[in-house]
């Protein structure tokens, strides 16, 4: 979807002839560059705090997803990963339109007999995997908008692998969070030297049909995925609930796309470390009995601490299972997932590359007209390492040193 008038709102544009005046583009990875690129291809909504330093970019044309965010002025970093190739093509891509974005709305399950991503009878492989169109392509209606929030709505008809049809209404609000919100939600106020941009998406799913959603015919879950730019020095950290495997189950599910090698996944007594370098396709998950309400990552190169928080109901509830197979336990799925992109096979290109932090709601057993709301929050913090270390210890139960060195080879002392 190309904009008809690119001049509106773009610096360096000449109103007299509606053409762009010569100007050096901002380097890739900077917010100015991503903002200008997105404005060339789609209408966007920019949520901004009163100071104008914290900004969140939302795209109605890409299903109301948060494309990126920033904190600071000229030259500020862009925190979301942008799928420039898919966006610039303007055409539907096979399997998935990889537009990017650090908060996009999906529905689970991905695999299994109640999958929304495979047609009945198809094998569970990448050649047959297809994201449902309603959550992959097309504009969502803007219901309302202010300087700091935007609300979207979408009616969709879904059909799962077992043939069950589900009429669904989605009501989604993206909201920029202020400093008071950040301190309240984290339970820890960042120091005055820490710059922060934070936002949340509140996602309400309603059974808009005439039949109840039941386990025997297949349930869905709200699934929010954040795509971020990988680096050789990015490590994902997910704290988990303690307890013996015999009581609360395995600590981590690392078998989605084959067992994750030890040099990419490390489990300590309280935290799971996972490599976010975009060089190896792998996915992990935590069950609701192990998952807390937070996950995060640290980019030691850019010195950016990213935190993700979500609403997780107390107690062990059924969660949809997204494993790519016909499942013995379709409601024994994960509440938190993390994905690291990479080549799906030798010689094949990656989707991005990017890495993801993902959260899910429980399986939604909803009667006609009944609804459920899943809230997903994202925080990016930049500042002195001592301040970021204190936040990481308080929220992720680990230090910046542990995050930075989780996959570095130990050096031998002389």
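Residue numbers (the numbering used here): 501 to 914.
Here a beta-carbon is modelled for each residue, glycine too, at the ideal position from N, C-alpha and C.
TODO: Using a threshold of 8 Å, state whether the C-beta atoms of residue 721 and residue 607 are closer than that.
DONE: The count along the chain shown starts at 1 and reaches residue 721 at position 221. The count along the chain shown starts at 1 and reaches residue 607 at position 107. In this structure, residue 607 lies closer than 8 Å to residue 721 by Cβ.
Open item on the list: Quick check on DSSP: helix, strand or coil for residue 662?
Closed with: Within the chain shown, residue 662 is the residue found at index 162, counting from 1. Residue 662: coil per DSSP, three-state reduction.
Open item on the list: Looking at residue 602: is its Cβ nearer than 8 Å to the Cβ of residue 801?
Closed with: Taking the first residue of the chain shown as 1, we reach residue 602 at position 102. Taking the first residue of the chain shown as 1, we reach residue 801 at position 301. In this structure, residue 801 does not lie closer than 8 Å to residue 602 by Cβ.
Task: Residues that DSSP places opposite residue 703 in a beta bridge - done: Taking the first residue of the chain shown as position 1, residue 703 is located at position 203. In the DSSP secondary-structure assignment, residue 703 is bridged to 672, 874.
Open item on the list: By the three-class DSSP mapping on this structure, what secondary structure does residue 734 have?
Closed with: Indexing the chain shown from 1 puts residue 734 at position 234. Strand, per DSSP.
Task: Cβ separation of residue 856 and residue 725, assumed to be a contact under 8 Å, to the nearest whole Å - done: Numbered from its first residue, the chain shown carries residue 856 at position 356. Numbered from its first residue, the chain shown carries residue 725 at position 225. The pair is a contact, with the Cβ atoms about 5 Å apart (cut-off 8 Å).
Open item on the list: Quick check on the burial criterion: 16 or more other C-beta atoms within 10 angstroms. Buried or exposed for residue 799?
Closed with: Working through the chain shown from its first residue, we reach residue 799 at position 299. Looking at its Cβ environment, which holds 16 or more other Cβ atoms inside 10 Å, residue 799 is buried.
Task: Separation of residue 573 from residue 674, as counted between CA atoms - done: Within the chain shown, residue 674 is the residue found at index 174, counting from 1. Within the chain shown, residue 573 is the residue found at index 73, counting from 1. The straight-line gap from Cα to Cα measures roughly 22 Å.
Task: Whole-Å CB distance - residue 774 paired with residue 860, under 8 Å assumed - done: For this step, residue 774 is matched to residue 274 along the chain shown. For this step, residue 860 is matched to residue 360 along the chain shown. Not really, about 17 Å apart at Cβ, beyond 8 Å.
Task: Residue span of the alpha helix (DSSP H) that contains residue 684, given as start and end - done: For the purposes of this step, residue 684 is taken as residue 184 along the chain shown, with counting starting at 1. Where residue 684 is concerned, the enclosing alpha helix (DSSP H) stretches over 679 to 686.
TODO: Using 7 Å as the cut-off, classify the Cβ of residue 533 as near or not near the heavy atoms of the ligand MN, replying yes or no.
DONE: As for the ligand MN, it is missing from this structure, which has no ligand bound.
TODO: From the DSSP output, in three-state form, read off residue 756 for me.
DONE: Position 256 of the chain shown holds residue 756. Reduced to three states, the DSSP call for residue 756 is strand.
TODO: Identify every run of the alpha helix (DSSP H) within the stretch 790 to 861, keeping only runs that are complete inside it and at least 4 residues long; order them along the chain.
DONE: none
Open item on the list: Quick check on residue 584: does DSSP put it in helix, strand or coil?
Closed with: The residue labelled residue 584 in the question sits at position 84 within the chain shown. Residue 584: helix per DSSP, three-state reduction.
- [ ] Find out if the Cβ-Cβ distance for the pair residue 789, residue 739 is shorter than 8 Å.
- [x] In the chain shown, counting from the first residue as 1, residue 789 sits at position 289. In the chain shown, counting from the first residue as 1, residue 739 sits at position 239. It is not a contact, given that the beta carbons lie outside the stated cut-off.
Task: Beta-ladder partner(s) of residue 600, from DSSP - done: Within the chain shown, numbered from 1, the residue matching residue 600 stands at position 100. BP columns for residue 600 point to 582.
Task: Cβ neighbours of residue 704 in the same chain (closer than 6 Å, five flanking residues each side left out) - done: The count along the chain shown starts at 1 and reaches residue 704 at position 204. Within the same chain, residue 704 has close Cβ partners 671, 871, 873.
Task: Proximity test, Cβ basis, 8 Å: residue 594 and chain D - done: Chain labels in this structure do not include chain D; a single protein chain is all it has.
Open item on the list: Our contact map puts residue 708 next to residue 655 with C-beta atoms below 8 Å; I'd like the distance itself, whole angstroms only.
Closed with: For the purposes of this step, residue 708 is identified with residue 208 of the chain shown, where counting begins at 1. For the purposes of this step, residue 655 is identified with residue 155 of the chain shown, where counting begins at 1. Their Cβ separation, rounded to whole angstroms, is 7 Å, which keeps residue 708 and residue 655 in contact under 8 Å.
- [ ] Answer yes or no: do residue 678 and residue 616 have a C-beta to C-beta separation smaller than 8 Å?
- [x] Taking the chain shown and counting its residues from 1, the one referred to as residue 678 is at position 178. Taking the chain shown and counting its residues from 1, the one referred to as residue 616 is at position 116. Contact flag unset, no.
- [ ] Classify residue 522 as buried or exposed, calling it buried when 16 or more other Cβ atoms lie within 10 Å of its own Cβ.
- [x] Walking along the chain shown from the start, residue 522 turns up at place 22. Its pLDDT being 36, under 50, residue 522 is placed unreliably in this model, and the value from its coordinates should be taken loosely. Exposed, since its Cβ has fewer than 16 Cβ neighbours within 10 Å.
- [ ] Below 7 Å CB to CB, which residues in the same chain sit around residue 630 once its five sequence neighbours on both sides are set aside?
- [x] Your numbering for residue 630 matches position 130 in the chain shown. The residues are 595, 617.
Task: Residues near residue 814 by beta carbon distance below 8 Å, same chain, minus five either side - done: Numbered from its first residue, the chain shown carries residue 814 at position 314. Within the same chain, residue 814 has no close Cβ partners at all.
- [ ] Answer yes or no: do residue 538 and residue 559 have a C-beta to C-beta separation smaller than 8 Å?
- [x] Position 38 of the chain shown holds residue 538. Position 59 of the chain shown holds residue 559. Yes.
Task: Spatial neighbours of residue 587 in its chain, beta-carbon cut-off 7 Å, leaving aside the 5 residues before and after - done: The residue labelled residue 587 in the question sits at position 87 within the chain shown. Hits under 7 Å: 541, 599.
Task: Same chain only: Cβ atoms within 8 Å of residue 636, ignoring 5 sequence neighbours per side - done: What you label residue 636 is simply residue 136 of the chain shown in a count that begins at 1. For residue 636, same chain residues with a beta-carbon under 8 Å away, outside a window of 5 residues either side, are 563, 596, 597 in chain order.
Open item on the list: Among the candidates 796, 716, 844, whose CA atom is the shortest distance from the CA of residue 778?
Closed with: As a first step, residue 778 must be located in the chain shown, where it is residue number 278. Out of 796, 716, 844, 844 has the C-alpha closest to the C-alpha of residue 778.
Task: Distance, residue 892 Cα to residue 904 Cα - done: The residue you call residue 904 lines up with position 404 of the chain shown. The residue you call residue 892 lines up with position 392 of the chain shown. C-alpha separation (whole angstroms): 12 Å.
Task: Contacts around residue 694, its chain only, beta-carbon distance under 8 Å, and the 5 residues preceding and following it disregarded - done: Numbered from its first residue, the chain shown carries residue 694 at position 194. Around residue 694: 881, 882, 883, 884, 887, 888, 891.
- [ ] Inspect the beta-carbon positions of residue 782 and residue 818 and report whether they are closer than 8 Å.
- [x] The residue you call residue 782 lines up with position 282 of the chain shown. The residue you call residue 818 lines up with position 318 of the chain shown. Their beta carbons are not under 8 Å apart, which means residue 782 does not touch residue 818 by this criterion.
Open item on the list: Let me confirm a value: residue 698 is counted as buried when at least 16 other C-beta atoms fall within 10 Å, else exposed. Which label applies?
Closed with: Here residue 698 is taken as the residue at index 198 of the chain shown, counted from 1. Buried is the call here.
Open item on the list: Which of the three DSSP states is assigned to residue 782 in this structure?
Closed with: Within the chain shown, the letter at position 282 stands for residue 782. Residue state, collapsed to three classes: strand.
Task: Candidates 744, 546, 663, 908: closest to residue 646 by CA position - done: Locating residue 646 in the chain shown gives position 146, counting from the first residue. The residue with the shortest Cα to Cα distance from residue 646 is 546.
Open item on the list: Restricting to Cα atoms, I'd like to know which of 853, 822, 840, 866 is closest to residue 613.
Closed with: Within the chain shown, residue 613 is the residue found at index 113, counting from 1. The candidate whose alpha carbon is nearest that of residue 613 is 822.
TODO: Under 8 Å Cβ to Cβ from residue 764, same chain only, skipping five residues before and after it: list those, please.
DONE: Taking the first residue of the chain shown as 1, we reach residue 764 at position 264. Hits under 8 Å: 774, 775, 780, 782, 840, 907.
- [ ] Apply the 10 Å Cβ neighbour rule to residue 858 and answer buried if 16 or more other Cβ atoms are within range, or exposed otherwise.
- [x] As a working note, residue 858 is residue 358 in the chain shown. Around the C-beta of residue 858, 16 or more other C-beta atoms lie within 10 Å, and the residue is accordingly described as buried.
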